[in-house]
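K.L.:
Here it is, the structure in full.
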Amino acid sequence: MANLDDLYREIILDHYRNPRNRGELATPPAHRVEGFNPLCGDEITVYLKVNNGVLEDIKIAGHGCSISQSSSSLMSAAVKGKALSDVRAVIDTFKQLMTVHESSLENESEQAPIDLRALGELAALQGVVKFPVRIKCATLAWNTLTQGLDEI
Ligand code: ZN
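Position one of the sequence shown corresponds to residue -14 (our numbering), numbered consecutively onward.
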């Protein structure tokens, strides 16, 4: 039986080496938003095309460490084609995943369980919370996406 950590590492490496939805979209009609993580030097540009309340298309450009790159690839695959309300729900669940360690230390009994199956491949990034300096790498794409959705 495969070790879960090995499986997660495989998923992260796969998305780093073969990033999904890499590229650019014409603006307009797409919306362009940039994010930067000065702690690590990660830079990301997210292109969003929203139509009738649906995130029709998303493209990711930029460069950075393996965590930031694989997280943006995993994110794009998770939200593309979804209704904006569902996109927001995925963002909330992922941010919860990135804070679970911190908040469970503070208040273990009230920590709501996270449905890892609902996260699919995104669950591979849960190991990042053990390395606080990497959390900003993992959340960069998500914060940038949130900013873009707020601007539209
Ligand atoms: Zn980074």
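Don't be surprised by glycine CBs; every beta carbon is placed ideally from N, CA and C.
Please read all numbers here as calculations on a predicted model, not as lab measurements.
Which residue or residues does DSSP assign as beta-bridge partners of Arg17?
P.N.:
Answer by DSSP bridge pairing, in chain order: Tyr32.
K.L.:
Less than 8 Å between the CB atoms is what I'm expecting for His140 and Leu33, so what's the real figure, rounded?
P.N.:
Only positions -14 to 137 of the chain appear in this structure, which leaves residue 140 out of reach.
K.L.:
With DSSP as the reference, label Gly47 as helix, strand or coil.
P.N.:
Strand, per DSSP.
K.L.:
Would you say the beta carbon of Ser53 comes nearer than 6 Å to a heavy atom of the ligand ADP?
P.N.:
This structure lacks the ligand ADP; its bound ligands are the ligand ZN.
K.L.:
Under 6 Å Cβ to Cβ from Ala46, same chain only, skipping five residues before and after it: list those, please.
P.N.:
Excluding sequence neighbours, Ala46 sits near Glu9, Thr30.
K.L.:
Which residues does DSSP pair with Asp42 in a beta bridge?
P.N.:
Asp42 pairs with Lys34.
K.L.:
Take the Cβ of Gln54 as the centre, count every other Cβ of all protein chains shown within 10 Å, and call the residue buried at 16 or more, exposed below.
P.N.:
Buried: at least 16 other Cβ atoms inside 10 Å.
K.L.:
Alpha carbon to alpha carbon, how far is Gly133 from Asn22?
P.N.:
Looking at the two C-alpha atoms, the distance is approximately 16 Å.
K.L.:
Is the beta carbon of Ala62 less than 7 Å from the beta carbon of Arg(-6)?
P.N.:
For Ala62 and Arg(-6), no; Cβs fall outside 7 Å.
K.L.:
Less than 7 Å separating the beta-carbons of Leu40 and Leu107?
P.N.:
No, these two residues do not count as a Cβ contact at 7 Å.
K.L.:
Whole angstroms is fine: what's the gap from Thr129's alpha carbon to Pro14's?
P.N.:
Between Thr129 and Pro14, the C-alpha separation is close to 18 Å.
K.L.:
Can you tell me whether Val118 is buried or exposed? The criterion is at least 16 other CB atoms within 10 Å of its CB, across all chains shown.
P.N.:
Counting Cβ neighbours within 10 Å, Val118 comes out exposed, since fewer than 16 surround it.
K.L.:
Inspect the beta-carbon positions of Ala123 and Ile43 and report whether they are closer than 7 Å.
P.N.:
Going by C-beta atoms, Ala123 is not nearer than 7 Å to Ile43.
K.L.:
In three-state terms, what does DSSP make of Arg7?
P.N.:
Strand at Arg7.
K.L.:
Can you name, in chain order, every residue of its own chain whose Cβ lies under 6 Å from the Cβ of Val72, other than the five neighbours on each side?
P.N.:
For Val72, where only same-chain residues beyond five positions count, the Cβ hits under 6 Å are Leu40, Val64.
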